[in-house]
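Sequence order for the protein chains is A and B.
Quick note: the first sequence uses this note's numbering, first residue 9, plus one each step.
Quick note: the second sequence uses this note's numbering, first residue 189, plus one each step.
The block underneath contains the structure these notes are about, expressed in structure tokens.
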Amino acid sequence: MTITTTEMGLAARVAGVSRRFGVGHGAVVALDDVSVGIRRGQFTAIMGPSGSGKSTLMHVMAGLDSSDNGSVWVGDTDITRLPDRDLTLLRRRRIGFVFQSFNLVPTLDARSNILLPFDLDGRKPNVDESRWIDSLVTTLGIADRLTHRPHELSGGQQQRVAIARALATRPDLVFADEPTGNLDSRSGREVLTLLTEACSRFGQSIAMVTHDPVAASYADRILFLADGRIVDERERSTPEQISAIMLAMEATR
Amino acid sequence: MRMRWREYRATILVAALSGAFGALLLQGTVLLTALVAGDSIGEKESVQLALGLVAVVFFAIAIFVGGIVTANTVGTVIAGRTRDIALLRLVGADARRLRASTARDGILVGLVGSLIGTVVGIGIMVGLVALGRSTGDLPETTPQLVTPMLVAPVVAVTLVTWLSSWVGSRRILAVSPIQASAAAVEPDADTVRSATGRRITAIALVAVGALLLAAGVVIGLVTMLGILVGMLGGILSFSGIVLAAPFVMPAVLRLVGRAMGSSPTARLAAENAVRNPARSSRATIGLVIGVTLVTMFAVATSSYYDMIVRASEQYPDDFAGVDETLAMTIGVFSVLFGFSAVIAAVGMVNTLSLSVLQRQRELGLLRALGFTAGQVRRMVLAEAAQMSVASVLFGLVLGVVYGWCGAQALLGSMLGGGLVAPSMPWFVLGGAVLVAAVLAAAASVAPARRATRVSPVAALAVD
Numbered sequence: 009m010t011i012t013t014t015e016m017g018l019a020a021r022v023a024g025v026s027r028r029f030g031v032g033h034g035a036v037v038a039l040d041d042v043s044v045g046i047r048r049g050q051f052t053a054i055m056g057p058s059g060s061g062k063s064t065l066m067h068v069m070a071g072l073d074s075s076d077n078g079s080v081w082v083g084d085t086d087i088t089r090l091p092d093r094d095l096t097l098l099r100r101r102r103i104g105f106v107f108q109s110f111n112l113v114p115t116l117d118a119r120s121n122i123l124l125p126f127d128l129d130g131r132k133p134n135v136d137e138s139r140w141i142d143s144l145v146t147t148l149g150i151a152d153r154l155t156h157r158p159h160e161l162s163g164g165q166q167q168r169v170a171i172a173r174a175l176a177t178r179p180d181l182v183f184a185d186e187p188t189g190n191l192d193s194r195s196g197r198e199v200l201t202l203l204t205e206a207c208s209r210f211g212q213s214i215a216m217v218t219h220d221p222v223a224a225s226y227a228d229r230i231l232f233l234a235d236g237r238i239v240d241e242r243e244r245s246t247p248e249q250i251s252a253i254m255l256a257m258e259a260t261r
Numbered sequence: 189m190r191m192r193w194r195e196y197r198a199t200i201l202v203a204a205l206s207g208a209f210g211a212l213l214l215q216g217t218v219l220l221t222a223l224v225a226g227d228s229i230g231e232k233e234s235v236q237l238a239l240g241l242v243a244v245v246f247f248a249i250a251i252f253v254g255g256i257v258t259a260n261t262v263g264t265v266i267a268g269r270t271r272d273i274a275l276l277r278l279v280g281a282d283a284r285r286l287r288a289s290t291a292r293d294g295i296l297v298g299l300v301g302s303l304i305g306t307v308v309g310i311g312i313m314v315g316l317v318a319l320g321r322s323t324g325d326l327p328e329t330t331p332q333l334v335t336p337m338l339v340a341p342v343v344a345v346t347l348v349t350w351l352s353s354w355v356g357s358r359r360i361l362a363v364s365p366i367q368a369s370a371a372a373v374e375p376d377a378d379t380v381r382s383a384t385g386r387r388i389t390a391i392a393l394v395a396v397g398a399l400l401l402a403a404g405v406v407i408g409l410v411t412m413l414g415i416l417v418g419m420l421g422g423i424l425s426f427s428g429i430v431l432a433a434p435f436v437m438p439a440v441l442r443l444v445g446r447a448m449g450s451s452p453t454a455r456l457a458a459e460n461a462v463r464n465p466a467r468s469s470r471a472t473i474g475l476v477i478g479v480t481l482v483t484m485f486a487v488a489t490s491s492y493y494d495m496i497v498r499a500s501e502q503y504p505d506d507f508a509g510v511d512e513t514l515a516m517t518i519g520v521f522s523v524l525f526g527f528s529a530v531i532a533a534v535g536m537v538n539t540l541s542l543s544v545l546q547r548q549r550e551l552g553l554l555r556a557l558g559f560t561a562g563q564v565r566r567m568v569l570a571e572a573a574q575m576s577v578a579s580v581l582f583g584l585v586l587g588v589v590y591g592w593c594g595a596q597a598l599l600g601s602m603l604g605g606g607l608v609a610p611s612m613p614w615f616v617l618g619g620a621v622l623v624a625a626v627l628a629a630a631a632s633v634a635p636a637r638r639a640t641r642v643s644p645v646a647a648l649a650v651d
């Protein structure tokens, strides 16, 4: 009898996952036998220097990239060998994304961008979902921007729209890839506060990839990656503590 | 500025098509002259002149359309390579030099393409002559068809390719070095510069042209000279429409897009087709011109035919055997005009491929958010369908108007004054629908394949 991901209190997990890019001398080991879980209802930061494999870990967990070996679960679904179509539906219905460069669809206005996951499913949000989206839009402070196209919005506003889109379907897990990377520090802090609130108020599980110690300090739990391995793990920490760990990691490399 | 081989493919193809067309026309002229005129020297000269003129006109139309296509192709490529150009500018490259070298590449590409085309054209002619001999339609001895004159189309195509590369590369001058570092998700839509001035000129041209066209039709009721007034009106109003393409085509595209339904794929496709007015007008205007030419000619001859039929009912003896001759003329000329449409179609297919290539990131995003590969494929197909249907429809409408006006202006007086309803040969309508369908499918195959291969990871990569 095996224990399921949900029973472990996890939203997603990987076991013994490796990922290698290229062959021969030029090959790069992005992930080296990683086993880790993202806790349900928590805000988890995945930290590490450039090339540590943090983005690859996220891609593999979100079903965007495949692993060479090992297993990947989203909720209780083993997605390791899921065909492309099922992975697509999984991303559409159970995973939310927030990107560094916002990545809104430029031809759609803010509202259509938020409703895109429903549109792709060929359905309209039901009453309950509509109410949820309305409250999201209000909380995120973009209610008066819904008819604007992305290029008419500031970076901070675009990222709020992206967050609304990611949360709209109440996914099992939201992945955020350097969500503050393209923002000024004030907008960045606001976005991080919003993500923290999504976690604490709505119980949304969030995994955020970042190399910014300040951003990571908003998280409940911080995983440190280096050279494709998990090298450390901390509960909530101050930016100074996180920086110290990062510097120590650099020193021992 | 060096472009990649892939980016030259369409231009080479267009140059080759133009070159082949030129070679075929030239050889055909020589052959026909010999056949029609026989041994009479005097008759030979006049036939040669008439046929030569027709050949030159058709060749000119073909390379004109080819030139528009090439300029648009180069423009699209440049738009997609703003970052590269900006980087070169950043490290000290001179914008004028970059542009000049792009245009110089045009000479080479035009030369290579037209040479390939000429060889193919000569090959086709050899085959046709052999076929003619075996069926007995051609005498055993035909004149030497490969003449030094064949150099002329090669030179013309090369020059046009050079010129259109020069025109198409003008955007290089507008690229600022700072754009190398900007995290622009996609190259900014070409801003239609001096939009108001352009709009006013276009409206004025169309208005004056339309008035002259109408005048031509009215004058045509009395005398054949109406065609001269009408032709001037046609040229003016059509130039106006081409000039106004960035405003007009998006409207036409939007109309067609609305007819395609409201599924997310159709909606996104419809938006994509109009998101960049400059790009979509570049992609479609060539085809509009091609279809307009074909339709105009077909409608004109068909209306002409109706008038002749009416006349022949009154004077049966004078018009014996005219049916067959006319039908054949319509067929032959439609093929000749159709060639320009083919060249234009190449341009549209290429623009769509390039625009998909330039949208990798966005396609990756849609895949990440849950667009299935099938949905992406349908989206690209819908976009292609929208562009082809819009161009063909618009071309048909314009062609019917111009063709009818032309026929009326030239022949209205023949029957003692009278209007004939525009008549549309069924094969043109059927052909247009077929062309639109085939084109939509063909235009979307390669881009759709490329689009579905885009990995969602591409959307997350920060470049």
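Ideal placement from N, C-alpha and C gives every residue a C-beta, glycine not left out.
As the structure is a computational prediction, the values presented were derived from the model and not from experiment.
Worksheet item: At least one CB of chain B closer than 8 angstroms to the CB of F4 of chain A: is that the case?
Response: The structure shown does not extend to residue 4 of chain A, since chain A is modelled only from 9 through 261, so no value can be given for it.
Discussion item. In the DSSP assignment, the beta strand (DSSP E) including N121 of chain A goes from what residue to what residue?
Written reply: Sequence index remark: in the first sequence, residue 121 of chain A carries index 113 (1-based). Where N121 of chain A is concerned, there is no enclosing beta strand (DSSP E), although the alpha helix (DSSP H) it sits in stretches over 118-128.
Worksheet item: Which runs of the beta strand (DSSP E), 3 residues or longer, sit entirely within the stretch 149-228 of chain A?
Response: 181-185, 214-218
Discussion item. Using 8 angstroms as the cut-off, can you tell me whether the stretch 274-282 of chain B makes contact with the stretch 354-368 of chain B, which would need three or more C-beta pairs spanning the two stretches below that distance?
Written reply: Contact between the stretch 274-282 of chain B and the stretch 354-368 of chain B is present, because at least three Cβ pairs lie under 8 angstroms.
Worksheet entry | Contact set between P644 of chain B and chain D, taken where Cβ atoms lie within less than 7 angstroms | Within the model displayed, chain D is absent; protein chains A and B are what it includes.
Worksheet item: Between H156 of chain A and chain B, is there a C-beta pair that is closer than 8 angstroms?
Response: Position 148 of the first sequence, counted from the first residue, corresponds to residue 156 of chain A. No, H156 of chain A does not count as interfacial toward chain B.
Worksheet item: Distance, Cα to Cα, S195 of chain A vs R157 of chain A?
Response: The residue labelled residue 195 of chain A in the question sits at position 187 within the first sequence. The residue labelled residue 157 of chain A in the question sits at position 149 within the first sequence. Between S195 of chain A and R157 of chain A, the C-alpha separation is close to 19 angstroms.
Worksheet item: Leaving out the 5 sequence neighbours to the left and right, which residues in its chain are closer than 7 angstroms to G263 of chain B when beta-carbon positions are compared?
Response: For the purposes of this step, residue 263 of chain B is taken as residue 75 along the second sequence, with counting starting at 1. Excluding residues up to 5 positions away in sequence, G356, R359, R470 lie with their Cβ nearer than 7 angstroms to the Cβ of G263 of chain B in the same chain.
Worksheet item: When the Cα of S643 of chain B is compared with those of A:G17, A:G49, A:G71, A:K62, which residue comes out closest?
Response: Sequence index remark: in the second sequence, residue 643 of chain B carries index 455 (1-based). Out of A:G17, A:G49, A:G71, A:K62, A:G71 has the C-alpha closest to the C-alpha of S643 of chain B.
Worksheet item: For a contact meaning CB atoms closer than 8 angstroms, what does R463 of chain B contact in chain A?
Response: What you label residue 463 of chain B is simply residue 275 of the second sequence in a count that begins at 1. Here the neighbours are P114, T115.
Worksheet entry | Chain-ordered neighbours of L456 of chain B on chain A, where CB pairs are closer than 8 angstroms | Here residue 456 of chain B corresponds to residue number 268 of the second sequence, with the count starting at 1. Under the 8 angstroms cutoff, chain A gives V113, T115, L116.
Discussion item. Beta-carbon within less than 7 angstroms of L416 of chain B's beta-carbon, same chain only, minus the 5 sequence neighbours each way: which residues are those?
Written reply: Numbered from its first residue, the second sequence carries residue 416 of chain B at position 228. Excluding positions up to five away in sequence, the list is empty.
Item to complete: Please classify T199 of chain B: does DSSP put it in a helix, a strand, or coil?
Response: Here residue 199 of chain B refers to the residue found at position 11 when the second sequence is read from its first residue. Annotated three-state conformation of T199 of chain B is helix, per DSSP.
Worksheet item: Going straight from the alpha carbon of S245 of chain A to that of Q50 of chain A, what length do you get?
Response: Taking the first residue of the first sequence as 1, we reach residue 245 of chain A at position 237. Taking the first residue of the first sequence as 1, we reach residue 50 of chain A at position 42. Between S245 of chain A and Q50 of chain A, the C-alpha separation is close to 14 angstroms.
Worksheet item: Between the C-alpha atoms of I200 of chain B and V182 of chain A, what's the straight-line distance to the nearest angstrom?
Response: Here the question's residue 200 of chain B lines up with position 12 in the second sequence. Here the question's residue 182 of chain A lines up with position 174 in the first sequence. Their Cα atoms are separated by approximately 48 angstroms.
Practice prompt. Return the first residue and the last residue of the alpha helix (DSSP H) that T14 of chain A is part of.
Written response: For this step, residue 14 of chain A is matched to residue 6 along the first sequence. Run containing T14 of chain A: none; DSSP gives neither H nor E here.
Discussion item. Please report whether the beta-carbon of H219 of chain A lies at a distance below 8 angstroms from any beta-carbon of chain B.
Written reply: Reading the first sequence from its first residue, position 211 is the one you call residue 219 of chain A. Not closer than 8 angstroms to any Cβ of chain B, the Cβ of H219 of chain A fails to qualify, so no.
Fill in: Given W156 of chain B as reference, the closest of B:G519, B:L553, B:R292, B:V585 once Cα atoms are compared
The shown model of chain B, from 189 to 651, leaves out residue 156 of chain B, and the question about it has no answer.
Discussion item. Would you say T379 of chain B lies against chain A (beta-carbon separation less than 8 angstroms)?
Written reply: By 1-based counting over the second sequence, the position of residue 379 of chain B is 191. Low confidence applies here, because T379 of chain B scores a pLDDT of 48, under 50, leaving its location unreliable and the question unanswered by this model.
Worksheet entry | Start and end residues, alpha helix (DSSP H) containing V430 of chain B | As a first step, residue 430 of chain B is located in the second sequence; it is residue number 242 there, counting from the start. Following the DSSP letters along the chain, one finds V430 of chain B inside the alpha helix (DSSP H) bounded by residues 414-431.
Worksheet item: Can a CB atom of chain A be found closer than 8 angstroms to the CB of F435 of chain B?
Response: Working through the second sequence from its first residue, we reach residue 435 of chain B at position 247. No - not a single Cβ of chain A is within 8 angstroms of the one on F435 of chain B.
Worksheet item: DSSP puts N77 of chain A in a beta bridge; with which residues?
Response: The residue given as residue 77 of chain A occupies position 69 in the first sequence. For N77 of chain A, which the question treats as bridged, DSSP gives the partners A:S26.
Discussion item. Between D240 of chain A and chain B, is the shortest Cβ-Cβ distance under 8 angstroms, so that the two count as touching?
Written reply: Against the first sequence, residue 240 of chain A aligns to sequence position 232. No - not a single Cβ of chain B is within 8 angstroms of the one on D240 of chain A.
Discussion item. Looking at the strands, I want to know which residues DSSP matches up with I54 of chain A.
Written reply: By 1-based counting over the first sequence, the position of residue 54 of chain A is 46. Bridge partners of I54 of chain A according to DSSP: A:V217, A:L231.
Worksheet entry | Amino acids of chain B, ordered along the chain, whose beta-carbon sits closer than 7 angstroms to that of P125 of chain A | Stepping through the first sequence from its first residue, residue 125 of chain A is reached at position 117. Result: L557, G558.
Worksheet entry | Same chain, Cβ closer than 6 angstroms to V37 of chain A, neighbours up to 5 away in sequence not counted | Counting from 1 along the first sequence, the entry for residue 37 of chain A is found at position 29. Excluding sequence neighbours, V37 of chain A sits near R28, G236.
Worksheet entry | D378 of chain B versus P465 of chain B - alpha carbon distance | For the purposes of this step, residue 378 of chain B is taken as the residue at position 190 of the second sequence. For the purposes of this step, residue 465 of chain B is taken as the residue at position 277 of the second sequence. Any reading at D378 of chain B must be qualified, since the residue scores a pLDDT of 44, below 50, and its modelled position is unreliable; no value is offered.
Worksheet item: Which residues bound the alpha helix (DSSP H) around F582 of chain B?
Response: Mapped onto the second sequence, residue 582 of chain B falls at position 394. Its alpha helix (DSSP H) spans residues 561-599.
Worksheet item: Residues of chain A with a CB under 8 angstroms from the CB of P341 of chain B: which are they?
Response: Here residue 341 of chain B refers to the residue found at position 153 of the second sequence. None at all; the shortest Cβ gap to chain A is about 42 angstroms.
Worksheet entry | Whole-Å CB distance - A243 of chain B paired with L214 of chain B, under 8 angstroms assumed | Mapped onto the second sequence, residue 243 of chain B falls at position 55. Mapped onto the second sequence, residue 214 of chain B falls at position 26. 7 angstroms between Cβ atoms; contact.
Worksheet item: Pick from B:L219, B:A432, B:S234: whose alpha carbon is nearest that of G329 of chain B?
Response: One-based indexing of the second sequence puts residue 329 of chain B at position 141. The sequence given here has Thr at residue 329 of chain B, not Gly. Residue B:L219 is the option with its Cα nearest to T329 of chain B.
Fill in: is_contact[E459 of chain B, chain A] using C-beta, thresh 8 angstroms
In the second sequence, the residue the question calls residue 459 of chain B occupies position 271. True, the Cβ-Cβ gap to chain A drops below 8 angstroms.
Worksheet item: Does any residue of chain B bring its CB to less than 8 angstroms from the CB of H33 of chain A?
Response: Position 25 of the first sequence, counting from 1, holds the residue named residue 33 of chain A. By this cut-off, H33 of chain A is not an interface position.
Worksheet item: Per the contact definition of three or more C-beta pairs closer than 8 angstroms, is the stretch 80-89 of chain A in contact with the stretch 244-260 of chain A?
Response: Flag = no, the stretch 244-260 of chain A and the stretch 80-89 of chain A do not touch.
Discussion item. Among B:V436, B:C593, B:G558, B:R641, whose alpha-carbon lies nearest the alpha-carbon of L98 of chain A?
Written reply: Locating residue 98 of chain A in the first sequence gives position 90, where the first residue counts as 1. Comparing Cα positions, the closest option is B:G558.
Worksheet item: Taking Cβ positions only, does A561 of chain B come closer than 8 angstroms to chain A?
Response: Your numbering for residue 561 of chain B matches position 373 in the second sequence. Yes, contact with chain A.
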